[in-house]
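Residue numbers (the working numbering): 1398 to 1537.
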């Protein structure tokens, strides 16, 4: 792979600490969410950050696929829902549900565009075969 861009982020204190990007744009306290034993849901957590990154990346991939296919669609949105759970081996794993809304196209065309975006999105390529990713679409 020819690297086109790279950025570093450093975590201190794990899930109950701080994450900071090398350029300082991200500088957040992270805490366990309430569902995992935290006091509340008032802080960022690794799953939230992953959902934000995956949704942004996938929406960009989807926009590129739509542009290359010369499809006339409205403004797209992508929502990523990231779940964490315990695996049979005692470790932990992630799951992702991606929902894309593509106005102005049929549901069949929306599904085809999302499947193509899933082939080219860097997050999808990084997670393929490692975690379950489900894809759903709407067109309103």
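Think of the CB as a built atom: it goes at the ideal place given N, C-alpha and C, for glycine as much as any other residue.
Query                                                                                                                                                               : Result
Got a sec? Which residues, its chain only, sit under 6 Å from residue 1432 by beta carbon, not counting five neighbours each side?                                  : none
So what does residue 1529 bridge to, in DSSP terms?                                                                                                                 : 1492
Looking at the unbroken beta strand (DSSP E) that takes in residue 1409, where does it start and where does it end?                                                 : 1406 to 1409
Hey, how far is the Cα of residue 1443 from the Cα of residue 1399?                                                                                                 : 27 Å
Take residue 1436 and list the residues in its own chain whose beta-carbon comes closer than 6 Å to its own, dropping the five residues that flank it on each side. : none
Let me know if residue 1528 comes out buried or exposed under the rule of 16 or more other beta-carbons within 10 Å of its beta-carbon.                             : exposed
Anyone know if the C-beta pair for residue 1504 and residue 1532 falls short of 8 Å?                                                                                : no
Compare the C-alpha of residue 1479 against each of 1490, 1536, 1516 and name the closest.                                                                          : 1490
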